[in-house]
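If you want our numbering, it's the position in the sequence shown, counting the first as 1, plus 9.
Worksheet for the structure shown next.
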Amino acid sequence: MKRPIPGGLLIAVEGIDGAGKTTVAATLAQWCGERGLLCALSKEPTSLEWGTKLRESASAGRLTLAQELDMFHKDRAQHTEQSIGPALEEDGIMILDRYYWSTAAYQGARGASVKEVLEHNETSFPIPDLILLLDLPVEVGQKRIRVRGDQPNSFEDAAYQQKIRDLFLKLPAQSQARSVIVDASQPWRDVSRECLSLFKDAALQKLWKTANPGSLGTGTLGIFGG
Numbered sequence: 010m011k012r013p014i015p016g017g018l019l020i021a022v023e024g025i026d027g028a029g030k031t032t033v034a035a036t037l038a039q040w041c042g043e044r045g046l047l048c049a050l051s052k053e054p055t056s057l058e059w060g061t062k063l064r065e066s067a068s069a070g071r072l073t074l075a076q077e078l079d080m081f082h083k084d085r086a087q088h089t090e091q092s093i094g095p096a097l098e099e100d101g102i103m104i105l106d107r108y109y110w111s112t113a114a115y116q117g118a119r120g121a122s123v124k125e126v127l128e129h130n131e132t133s134f135p136i137p138d139l140i141l142l143l144d145l146p147v148e149v150g151q152k153r154i155r156v157r158g159d160q161p162n163s164f165e166d167a168a169y170q171q172k173i174r175d176l177f178l179k180l181p182a183q184s185q186a187r188s189v190i191v192d193a194s195q196p197w198r199d200v201s202r203e204c205l206s207l208f209k210d211a212a213l214q215k216l217w218k219t220a221n222p223g224s225l226g227t228g229t230l231g232i233f234g235g
């Protein structure tokens, strides 16, 4: 039987391209799975109808800002209905590789109101219990993209990425979500250790906040070091 967390736990991993979001998200999900925790891993844009159109636009020709904002909203609504919501309702852990902070930063760099994007998303969709913001210099992220054999697309232009990074670093002071900035330029071992520690702390806080401590037993608490 999978171990639940009452009320569920929503974790989002954010940052510019090449920061290591996908690797961190997968590492956290694997850690949970190995310990019998009820956990799901997902990403945005999704592979659903609107998310697929957004991904295709990266190579087929970029959409207008209004079109992007509309499609991200529709994609996130489907994502929440089909994956995020059900996972949390089942007292599970949902780990996201990008969420609405990416919309605020990426579309904000194109001229969208960051304040409006945050307000809209934080009143329409679940707010994460923790956002891990992986931060590193743009040139380091660009190098990593090339090392892995990819070529930066139009969304990964260095000047544009710098605008995005600057906006990301302002989001902790503007968002309702609890967040921590992680230095993603560190060696991978240090990044993974820090992210896992922050994740376990967020899980413990949620457990003590939402559950009757006497009903938890030592098993679930022990997994997270409680």
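Ideal placement from N, C-alpha and C gives every residue a C-beta, glycine not left out.
query	result
Name the one or two DSSP bridge partners that residue 142 has.	23, 190
As an exercise, report each continuous beta strand (DSSP E) stretch of at least 3 residues that is fully enclosed by the segment 78 to 129, in chain order.	102 to 106
Among the residues of its own chain, which have a CB less than 7 Å from the CB of residue 173, if the five just before and after it don't count?	25, 114, 115, 118
Using only CA atoms, which one of 195, 146, 103 lies nearest to residue 135?	103
How many whole angstroms separate the CB atoms of residue 137 and residue 213, which I take to be in contact at a CB cut-off of 8 Å?	Actually they are not in contact, since the Cβ atoms of residue 137 and residue 213 sit about 16 Å apart, beyond 8 Å.
I want to see whether chain C comes within less than 8 Å of residue 45, judged by CB atoms only; does it?	Note that chain C does not occur in the displayed structure, where there is just one protein chain.
Report the partner residues of residue 50 according to the DSSP bridge assignment.	104
Using the Cα positions of residue 112 and residue 81, report the straight-line distance between them to the nearest angstrom.	7 Å
Nearest CA to the CA of residue 143: which residue from 34, 14, 12, 16?	34
Where DSSP assigns a beta bridge to residue 12, which residues make up the other side?	46
Pull the bridge partners of residue 18 from the DSSP assignment, please.	102
Ends of the alpha helix (DSSP H) at residue 175?	167 to 179
Have a look at residue 36 and residue 50 and give me their C-alpha separation to the nearest angstrom.	10 Å
Short of 7 Å in beta carbon distance, which residues of its chain neighbour residue 5, apart from the five on each side in sequence? Order them along the chain.	Outside the displayed range of the chain (10 to 235) lies residue 5, so it cannot be described from this structure.
Residue 234 by DSSP, collapsed to three states: which one?	coil
Return the chain-ordered list of same chain residues with a C-beta closer than 7 Å to the C-beta of residue 193, the five sequence neighbours on each side being excluded.	24, 28, 29, 143, 144, 145, 200
From the DSSP output, in three-state form, read off residue 207 for me.	helix
Residue 133 by DSSP, collapsed to three states: which one?	helix
What separation, rounded to the nearest whole angstrom, lies between the Cα atoms of residue 60 and residue 45?	30 Å
Is the distance from the Cβ of residue 123 to the Cβ of residue 176 below 8 Å?	yes
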